[in-house]
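First the structure, in the form of structure tokens, and then the observations on it.
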Ligand code: SF4
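Here's what the structure looks like:
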């Protein structure tokens with residue numbers, strides 16, 4: 003059932019103009035499609051003389067939709083002026099089946115969606131990137147940065163853009179909360195962490211203090227970014243406990259009493 007929203011400023015004549023609203027609606031749509039009057043709405047900021055009357059929609063396939071008829075009473079016309087009909091629309095109610103909200107294609111793309119040959123250009127104002135001259139490039143200290151930037155500028159070389167602070171933050175959050183982070187089931191059950199593993203290749207630059215790359219070909223994370231507090235059972239210093247080590251086989255027994263019939 004539609005919730006009636008009203009304000010103290012609703013004009014009584016416009017509120018009472020249910021028959022006028024229904025008549026206007028019936029001049030546009032078949033009577034069989036129009037159900038009961040459900041109530042009225044006074045839109046915020048539209049003024050007390052603008053009232054929208056709601057009627058149930060009985061049209062097949064439109065369960066939960068309703069007809070919305072907006073009537074207007076113009077105060078300047080003085081008392082006794084008739085209401086006029088502003089608009090008639092069919093709108094979905096809370097229970098209506100409607101299409102999901104539009105999601106731009108760019109926001110639908112997930113990692114792994116790109117196929118060979120696909121192009122995914124970034125926007126010019128992508129917040130994850132800044133001009134390299136404004137932020138510098140990763141592994142160089144301040145002096146080297148300045149020199150390299152100058153030479154690169156002079157020669158027209160170097161990267162045009164690099165990650166911005168928000169680009170670094172977004173990557174760090176994504177990696178830390180993903181399969182290479184400390185909360186992954188693999189890390190939770192690991193005997194030790196990546197920061198002490200010989201297979202962890204350190205990064206340089208802004209993310210070096212938190213992340214590295216796993217270079218253990220036998221590990222699930224080989225070739226992937228891992229946080230320093232990630233870990234797995236393929237850690238370079240993992241040793242089997244005595245009880246887990248393979249047991250030595252007993253000495254072979256030379257049977258001199260029975261005869262192996264299959265040998266004949
Ligand atoms: S082998 Fe395991 S512990 Fe070592 S770096 Fe790779 S993921 Fe980390």
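Numbering (the working numbering), first residue to last: 3 to 266.
Here a beta-carbon is modelled for each residue, glycine too, at the ideal position from N, C-alpha and C.
Contiguous beta strand (DSSP E) elements confined to the region 167 to 251 occur at 202 to 204, 213 to 216, 227 to 229, taking only those with 3 or more residues. Straight through space, the alpha carbons of residue 65 and residue 235 are spaced by roughly 56 Å. The C-alpha of residue 192 lies about 5 Å from the C-alpha of residue 233. For the pair residue 29 and residue 75, the Cα-to-Cα distance works out to about 20 Å. 54 is the residue among 54, 58, 39 whose C-alpha sits nearest the C-alpha of residue 46. Taken from the Cβ of residue 227, every heavy atom of ligand 1 lies 8 Å or farther away. Residue 38: member of the beta strand (DSSP E) spanning 36 to 43, first to last residue.
Residue state for residue 105 is assigned as coil, using DSSP reduced to three classes.
Rounded to whole angstroms, the separation of the alpha carbons of residue 251 and residue 170 is 55 Å. Straight through space, the alpha carbons of residue 24 and residue 56 are spaced by roughly 9 Å.
The Cβ atoms of residue 132 and residue 163 lie closer than 9 Å to each other. Looking at the DSSP output, residue 90 shares a beta bridge with 71. When the alpha-carbon of residue 188 is set against those of 167, 199, 222, the nearest one is in 222. Judged by their CB atoms, residue 117 and residue 184 are not nearer to each other than the 9 Å cut-off. Cβ neighbours of residue 97 within its own chain (closer than 6 Å, five residues either side excluded): 66. Counting only residues of its own chain and dropping the five nearest sequence neighbours on each side, residue 89 has a CB closer than 7 Å to the CB of 72.
At least 9 Å separates the beta-carbon of residue 166 from that of residue 210.
Excluding the 5 residues flanking it on each side, residue 239 has same chain C-beta neighbours closer than 8 Å at 194, 198, 199, 200, in chain order. In the DSSP assignment, residue 24 falls within the alpha helix (DSSP H) that extends over 20 to 28.
Exclusion of residue 185 from the 8 Å shell around ligand 1 follows from its C-beta lying no nearer than that to any non-hydrogen atom of the ligand.
Take residue 39, set aside five residues on each side of it, and the residues of its chain with a beta-carbon closer than 6 Å to its own are 20, 57, in chain order.
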